[in-house]
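To keep things clear, I will list the structure first and then write my remarks on it.
Number of protein chains: 2
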Amino acid sequence: MTTQTLTPGEAAEATGLSLDTLRYYEREGLIGPIDRTTSGRRTYSDGDVAWIETVTCMRAAGLGIDHLREFTRLLREEATVEERVRFLHERRVELLAQIEAIRNAVVVLDDKIAHFSQPG
Amino acid sequence: MTTQTLTPGEAAEATGLSLDTLRYYEREGLIGPIDRTTSGRRTYSDGDVAWIETVTCMRAAGLGIDHLREFTRLLREEATVEERVRFLHERRVELLAQIEAIRNAVVVLDDKIAHFSQPG
DNA sequence: TCTTGACCTGGAGCGCGCTCCAGGTCGGAA
DNA sequence: TTCCGACCTGGAGCGCGCTCCAGGTCAAGA
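As they're listed, the protein sequences go chains A and B. Start counting the first sequence at 247; every next residue gets the next number (our numbering). Start counting the second sequence at 247; every next residue gets the next number (our numbering).
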C-alpha cells in the first residue's frame, strides 16, 4: 500500500517542528494520539502529518494551545455542527480583528517612514 | 497653559494599560523617562501618552519588547534617516508577512466551516 | 556481539511579558 | 493632626509555549 508512516525524525523533518514540540502537542491533545510500534516508537501517518500542518498553520496565526486543543477536540470527537461552526466562526472573527490591528500598526509605520523619508 | 499632565492613574485610564505595565515599559526603555514631581511621582505629558499609544498599537500587532525598545531608541535618539527607515521597513515586512500567515489560517477555517456547513 | 544513535519518559528550566507583593512615602480631605 | 489612598521601589511570581535533560530501551549495522 501507498500509505506510508513516518518515524518521529521524519515527521519532524516534514513538519518543521522539533521532536520535543511534536511530543508536547501530543501530550496537550493538539495531535494524535499517534500510533506506536510494538516497541513503543511513534509512527506518524499521512493524516497525522496533514493535521500537524493544520495545527502549525493556526499556531502561526497566533491561536493558543488552549484554542487548538478545543479545535482538535471539536473536529475529532463527537460535536454538533453548530458547536463546530460556532467555534470556527469565533476564531475567524478573532483572526480578522488581529489583521486589523496589524494593519493599524502598518499605517503608523508608514507615517513614520514618510516622516523620516521626506526632506522636511 | 493647555499642556496638562496626567497622574499615573489617569495615564493608566487613558491608555488602557496597568500602572505596573506603564512602569515596566519605562524600565525597559519603551517609554519615557517620565517626568517626576519633587516628591517622585510620575507626571505623564500629552506627548508621553501619545507615544504610549503608539507603543500599544505596535504591541497589539505583535512587536516584541526588544523591537519596541529599538523602535523607541531609533526614533528618539540620534540615528540616521537610513537607520530609522531601514528598521521601520523591516518591521513593516514582518507585519505584512504576519498578515499573510493569518490569511492562510482564515482560508483553512473557511474550508472547515464550508465542510461542516454543507449538507454532505 | 557490540556499539551507535534514534527514540522513549517524566520532569525541570527558560524567555517573554507582564503581574503581584511587601514595605515605605507623600498629598490632601476630614 | 490624622488618616486614607495613590503612588514609590525592588524583587518575586506566573502563564504560555516550548526546550532541555537524565536515564533508559531498542533496532540495526560493523
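Note that CB positions come from ideal geometry on N, CA and C, so glycine has one too. These numbers come from a predicted model, not from an experiment.
Contact fails between the stretch 282-294 of chain B and the stretch 325-333 of chain B, because fewer than three Cβ pairs, one in each stretch, are under 8 Å apart. For a Cβ distance threshold of 7 Å, residue set 352, 355 of chain B lies close to residue 338/A, ordered along the chain. Taking 8 Å as the cut-off, the Cβ atoms of residue 348/A and residue 335/B do not count as close.
Residues of the stretch 298-316 of chain A with a C-beta less than 8 Å from any C-beta of chain B: 300, 303, 304, 306, 307, 308, 309, listed in chain order. Annotation: the continuous alpha helix (DSSP H) that includes residue 344/A extends over 327-363. Distance from the CA of residue 251/A to the CA of residue 289/A, rounded to the nearest whole angstrom, comes to 6 Å. In this structure, residue 338/A and residue 355/B form a Cβ contact; the two beta carbons are roughly 5 Å apart against a cut-off of 8 Å.
For residue 279/B, no alpha helix (DSSP H) segment is defined, and its DSSP state is neither H nor E. The residues 261, 277, in chain order, have a CB closer than 6 Å to that of residue 298/A in the same chain once the five nearest residues on each side in sequence are set aside. Note on geometry: alpha-carbon atoms of residue 291/A and residue 295/B lie some 54 Å from one another.
Ranked by Cα distance from residue 352/A, the first of 352/B, 341/B, 350/B is 341/B. For residue 264/B and residue 255/B, the gap between their C-alpha atoms comes out near 9 Å. If you ignore the 5 residues before and after residue 345/A, its C-beta comes within less than 6 Å of no other C-beta in its own chain. Take the alpha-carbon of residue 362/B and the one of residue 330/A: they are about 8 Å apart.
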